[in-house]
Each structure stands twice: as C-alpha cells, then as structure tokens.
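Engineer: Each residue of the sequence shown is one higher than the one before, counting from 3 in our numbering.
Dumping the structure here so I can ask a few things about it.
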Amino acid sequence: MEPRIEMLAPKKLIGMHRRMSLEQNTTRELWQSFMPRRMEIPDRVNSMYISMNIFREGQKQLFSPTTPFEKWAAVEVLAHDNIPVNMEAYTLKGGKYAVFIHKGPASTFHETMQYIFGNWLPNSEYELDEREHFELLKEDYNPSDPEAEEEVWIPVK
Numbered sequence: 003m004e005p006r007i008e009m010l011a012p013k014k015l016i017g018m019h020r021r022m023s024l025e026q027n028t029t030r031e032l033w034q035s036f037m038p039r040r041m042e043i044p045d046r047v048n049s050m051y052i053s054m055n056i057f058r059e060g061q062k063q064l065f066s067p068t069t070p071f072e073k074w075a076a077v078e079v080l081a082h083d084n085i086p087v088n089m090e091a092y093t094l095k096g097g098k099y100a101v102f103i104h105k106g107p108a109s110t111f112h113e114t115m116q117y118i119f120g121n122w123l124p125n126s127e128y129e130l131d132e133r134e135h136f137e138l139l140k141e142d143y144n145p146s147d148p149e150a151e152e153e154v155w156i157p158v159k
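Below, the structure written as structure tokens:
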C-alpha cells in the first residue's frame, strides 16, 4: 500500500465536532447527528464528506487509547457565510499529505492505520506533521460495506 503525496490547499469546512478518545469513541453518534442535517449546508464544493481528527500540538507522541482529540464530520464549502445552527466553520490548514486508500469496512480501519504508522511512516523519508488528519468519504459511503473505500490523508513533512 504505497501512498501518493499531495500538496493540499487550505479548505473551508462546515460541520459538527465532538471531543472523544479511541476508548470513548462517539464517531457513530457524531455522524448520526450530522448526516440528517447535511443538506442544510449551502455552497458545497462537492459531494464528498470529511471525517477529520484534530490533535493538540505534541499530543501524537503520547497518543494512547484514552488520549482526547477532536473529531469532525464535515463538508467542504466555498465560504463560511451561511453556517447552519449548531454547526461550525473550520479552515483545514492544507500542506503536504500522504494519501492512502483504505478498502473494506470501517471495522478494519485500524489495520490500515497500523500499517501507516507502524510500517510505512517509520520506513519513509517523511515525518508526521502537526496538522489535521482526515478521511475523504464518497457520498454513498457505507461503513459496513466490505468494498467501501476511503482516502486517508496523513500530514507529513
């Protein structure tokens, strides 16, 4: 599983977020609250969804199952002008990313992450950067589909 390396421009996002940890994972609840309201967001750039993780600076070196992070369910928009009630705007910083494809149900996502952080990254010319991690999901993404695909964007320098 070799990634492609991409330079990403900053992106304007609108969505919902929650603080959680891997041990106290509320990703499912976050997406269940976001998806029924997704059509309220005006000026979408495309039909893709963004599942984004934001870690505090320096946090990745000490990451454990109990480490809190911020998880977003969002879409890319042209502008932050019309933000629906109980949603927020965020600007993804952009920069250099290693982009992997995870194929399979969400329940096997940890295997892809183990490969990226346990094998690829330590043996690559890159270091992990202190920016957002995110996955791009197609509009018809189904987390239980064995043929599901998502792009996994890992910030590198």
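Glycine included, every Cβ here is placed at the ideal spot set by N, Cα and C.
Remember, it's a predicted structure, so these values are computed and weren't measured experimentally.
Going by DSSP, which residues form a beta bridge with Val87?
Structural biologist: Note: Val87 sits in no beta bridge, so no partner.
Engineer: Quick check on this structure: which residue in Arg20, Met9 and Trp33 has the alpha carbon closest to the alpha carbon of Lys98?
Structural biologist: Checking every option, the nearest Cα to that of Lys98 belongs to Met9.
Engineer: Return the bridge partner residues of Glu42 from the DSSP annotation.
Structural biologist: For Glu42, which the question treats as bridged, DSSP gives no partner whatsoever.
Engineer: When the Cα atoms are used, what is the spatial distance from Phe136 to Ser23?
Structural biologist: Their backbone Cα atoms lie some 16 Å apart in a straight line.
Engineer: From which residue to which residue does the beta strand (DSSP E) around Ser66 run?
Structural biologist: Segment: none, Ser66 is in no beta strand (DSSP E) and carries neither H nor E.
Engineer: Specify, as a first and last residue, the run of the beta strand (DSSP E) that Arg133 falls within.
Structural biologist: Run containing Arg133: none; DSSP gives neither H nor E here.
Engineer: Considering only DSSP beta bridges, list what Ser53 is partnered with.
Structural biologist: DSSP, once it has assigned bridges, lists Ala75 and Glu137 as partnering Ser53.
Engineer: For the beta strand (DSSP E) containing Tyr117, list its first residue and its last residue.
Structural biologist: Note, Tyr117: premise wrong, no beta strand (DSSP E); alpha helix (DSSP H) at Phe111 to Tyr117.
Engineer: Would the stretch 145-155 and the stretch 106-119 be scored as touching if the rule is three or more Cβ pairs under 8 Å?
Structural biologist: Verdict: yes, contact present.
Engineer: Does the beta-carbon distance from Ile43 to Ala100 come in below 8 Å?
Structural biologist: Not closer than 8 Å, so no.
Engineer: Going by CA-CA distance only, name the one from Ala75, Val77 and Phe57 that's closest to Thr174.
Structural biologist: The shown model of the chain, from 3 to 159, leaves out residue 174, and the question about it has no answer.
Engineer: So what's Leu94 in DSSP terms, helix, strand or just coil?
Structural biologist: Correct three-state label for Leu94: strand.
Engineer: When burial is assigned at 16 or more other CB atoms within 10 Å of the CB, is Lys159 buried or exposed?
Structural biologist: Exposed is the call here.
Engineer: Can you check which of these residues, Leu15, Ser66 and Lys13, is closest to Glu25 by C-alpha distance?
Structural biologist: The option with the nearest alpha carbon to Glu25 is Ser66.
Engineer: Compute the distance between the beta-carbons of Tyr32 and Arg40, then report whether it is under 8 Å.
Structural biologist: The sequence given here places Leu at residue 32; Tyr does not occur at that position. Not closer than 8 Å, so no.
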